[in-house]
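Have a look at the structure below before the remarks.
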Amino acid sequence: MSATLRPSPISATVDFDAQGVQHGFLKLPISIDTSAWGAVMIPITVVANGEGPTALLTGGNHGDEYEGITSLLKLASTLKPEEVRGRVIIVPMMNTPAAEAGKRTSPLDGGNLNRSFPGDPNGGVTSQIADYFTRVLVPMCDVALDLHSGGRTLDIVPFAAAHRLDDLAQENASLAGAVAFGAPYAMMMFELDATKLYDTAVESQGKTFVTTELGGGGTSTPQSLALTERGVRNFLIHYGLMAGEIEKPTEPMVYVDMPDASCYVQSEHSGLLELTVSLGEMVQQGDVLARIHDMSRTGAVPVEYRAQRDGVLIARRFPAKVGMGDTIAVVAEVVESLERAGSLSAPKPALSSAPKPAESHSSAPNPAESHSSAPKPAE
Ligand SMILES: [Zn+2]
16 MSATLRPSPI SATVDFDAQG VQHGFLKLPI SIDTSAWGAV MIPITVVANG EGPTALLTGG
76 NHGDEYEGIT SLLKLASTLK PEEVRGRVII VPMMNTPAAE AGKRTSPLDG GNLNRSFPGD
136 PNGGVTSQIA DYFTRVLVPM CDVALDLHSG GRTLDIVPFA AAHRLDDLAQ ENASLAGAVA
196 FGAPYAMMMF ELDATKLYDT AVESQGKTFV TTELGGGGTS TPQSLALTER GVRNFLIHYG
256 LMAGEIEKPT EPMVYVDMPD ASCYVQSEHS GLLELTVSLG EMVQQGDVLA RIHDMSRTGA
316 VPVEYRAQRD GVLIARRFPA KVGMGDTIAV VAEVVESLER AGSLSAPKPA LSSAPKPAES
376 HSSAPNPAES HSSAPKPAE
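Counting from 1, position 187 in the sequence shown corresponds to residue 202 in the working numbering; the numbering is continuous, with no gaps.
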């Protein structure tokens with residue numbers, strides 16, 4: 016199919032084959048009320064020094080996730096060629112229109128970039144950006160790191176993650192990078208609908224891929240930025256693009272797995288959210304995670320939402336007002352190891368080797384007062 020697609024309308028002002036540091040743009044032609052012959056200008060930095068692998072570092076896939084945006088803007092301004100072996104391509108704001116608007120999605124076409132892959136050169140602005148990554152930038156790279164966080168509506172414990180993949184060597188290479196990133200948590204992520212994710216576009220090209228969630232609330236903190244910057248540096252060292260020692264977190268890392276949809280607790284009410292558990296706290300199945308209060312009257316009994324599984328609270332809704340369908344909480348399973356049993360010897364089919372319960376997508380445990388959660392991809 017790709018053979019029949021026209022070339023991307025996006026042009027780069029940087030030369031991807033040149034040595035040294037270049038700051039430039041990916042230019043996407045647009046014609047809008049405020050600019051008839053205009054362009055979306057997506058900042059990009061390329062730092063290259065001799066032979067070596069290529070790393071593609073991205074933030075702002077969602078425009079309100081500032082941990083990645085801020086750390087990559089800083090890295091792009093400071094990374095020197097002599098620090099690099101190979102080539103580092105940095106795009107701090109993949110969805111630049113969304114980032115400029117301070118929003119998750121693009122104000123130009125409403126596009127959620129991470130639901131737009133593999134993209135289309137004849138599609139809307141967001142789809143055209145996705146297509147450029149799929150067909151131009153991703154093929155250039157050996158390893159890719161995409162920095163997400165909770166944005167304005169979620170707060171998430173800091174973790175780096177890999178996915179279960181058909182290619183076990185690719186899965187292990189990605190998992191090793193997620194662990195080397197050195198966030199407080201490392202995750203094996205379960206996506207219920209991965210079809211349109213950037214993650215899938217990268218992984219389907221056989222590339223080593225690490226994703227992250229590094230905080231949230233539509234801001235950053237000194238702590239979240241420090242661990243993001245350390246993680247990016249660790250990632251580059253791990254894959255041989257920088258010299259130096261990997262800086263490990265001071266506390267032991269926690270390994271978490273998300274085996275199925277019962278990790279997600281989604282609201283079937285609107286009202287005022289009262290979380291009763293803090294991020295990083297352990298819970299047991301049946302524990303009350305949250306109450307939703309009716310704001311229209313006094314004297315009403317709040318609705319309780321309970322954990323559908325044992326685990327650790329890894330994500331929570333950030334704003335106190337909650338609506339129907341909003342994810343309130345995510346509980347992940349704490350595990351000893353993220354590697355598949357026997358993965359270093361003979362590769363086996365996932366079903367026989369994965370140390371997890373049979374995947375019950377259909378009916379999660381659903382006590383009367385705890386409301387079922389519909390499958391929803393985490394990204
Ligand atoms: Zn995101």
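Glycine residues also receive a C-beta, built at the ideal position from the N, C-alpha and C atoms.
In chain order, Gly83, Ile84, Leu87, Pro107 and Leu162 place their CB closer than 6 Å to the CB of Gly74, counting only its own chain and leaving out the 5 sequence neighbours on each side. Asp170: member of the beta strand (DSSP E) spanning Leu169 to Ile171, first to last residue. Of the other Cβ atoms in all chains shown, fewer than 16 fall within 10 Å of the Cβ of Val316; this residue is therefore exposed. The three-state reading of DSSP puts Pro154 in helix, counting H, G and I together. Judged by DSSP in its simplified three-state form, Pro112 adopts helix.
The C-beta distance from Leu160 to Leu72 rounds to 5 Å, short enough to meet the 8 Å contact threshold.
Per DSSP, Ile261 lies in no alpha helix (DSSP H) segment and is marked neither H nor E. DSSP lists Val327 as the beta-bridge partner residues of Ala347. By the beta-carbon neighbour count (other beta carbons within 10 angstroms, threshold 16), Asn129 is buried. Closest in C-alpha terms to Met109, from the list Leu43, Met257 and Ser239, comes Leu43. Note on geometry: alpha-carbon atoms of Pro24 and Gln143 lie some 8 Å from one another. Cβ contact annotation for Glu66 (same chain, cutoff 8 Å, sequence separation greater than five): Arg100 and Gly101, in chain order. Cβ contact annotation for Ala113 (same chain, cutoff 6 Å, sequence separation greater than five): Gly78, Thr120 and Ser121, in chain order.
Distances between the C-beta of His77 and the heavy atoms of ligand 1 include at least one below 7 Å. Using a Cβ-Cβ distance cut-off of 8 Å, the stretch 214–232 and the stretch 279–289 are not in contact, since fewer than three pairs of beta carbons, one from each stretch, lie closer than that value. Straight-line spacing of the CA atoms in Leu20 and Phe132 works out to 15 Å. Counted as a single uninterrupted DSSP element, the beta strand (DSSP E) harbouring Leu43 occupies residues Gly35 to Ile47. With a beta-carbon spacing of about 15 Å, Thr111 and Gly134 fall beyond the 8 Å limit used to define contacts. DSSP places Leu88 in no beta strand (DSSP E) but in the uninterrupted alpha helix (DSSP H) bounded by Tyr81 to Thr93.
Annotation: the stretch 288–327 contains no complete segment of the alpha helix (DSSP H) (minimum length 4 residues). For Asn187, the three-state secondary structure derived from DSSP is helix. The beta carbons of Met155 and Thr69 sit about 6 Å from each other, so the pair counts as a contact at 8 Å. Per DSSP, Gln238 is one residue of the alpha helix (DSSP H) stretching across Pro237 to His253.
Relative to ligand 1, His308 has its C-beta separated by 7 Å or more from all heavy atoms. Three or more pairs of CB atoms, one per stretch, sit closer than 8 Å, so the stretch 261–273 contacts the stretch 342–349. In the three-state scheme derived from DSSP, where H, G and I count as helix and E and B as strand, Phe174 is classed as strand. Judged by the Cβ position, Glu82 fails to qualify as a neighbour of ligand 1 at the 7 Å threshold, every heavy atom of the ligand being at least this far. The three-state reading of DSSP puts Ile25 in coil, since its state is none of H, G, I, E or B. Take Val298, set aside five residues on each side of it, and the residues of its chain with a beta-carbon closer than 8 Å to its own are Val292, Leu304, Ala322, Asp325, Gly326, Val327, Leu328 and Val346, in chain order. Cβ contact annotation for Ser164 (same chain, cutoff 7 Å, sequence separation greater than five): Glu80, Glu82, Gly83, Ile171, Glu228, Leu229, Gly230 and Gly231, in chain order.
By a beta-carbon distance limit of 8 Å, Val103 contacts Leu256. Their separation comes to about 6 Å.
Rounded to whole angstroms, the separation of the alpha carbons of Asp30 and Leu294 is 44 Å.
In this structure Ala201 is in contact with Ala193, their Cβ atoms being roughly 5 Å apart against a cut-off of 8 Å. Sequence-distant Cβ neighbours of Thr215 in its own chain, meaning closer than 7 Å and more than five residues away, are Phe132 and Ala209.
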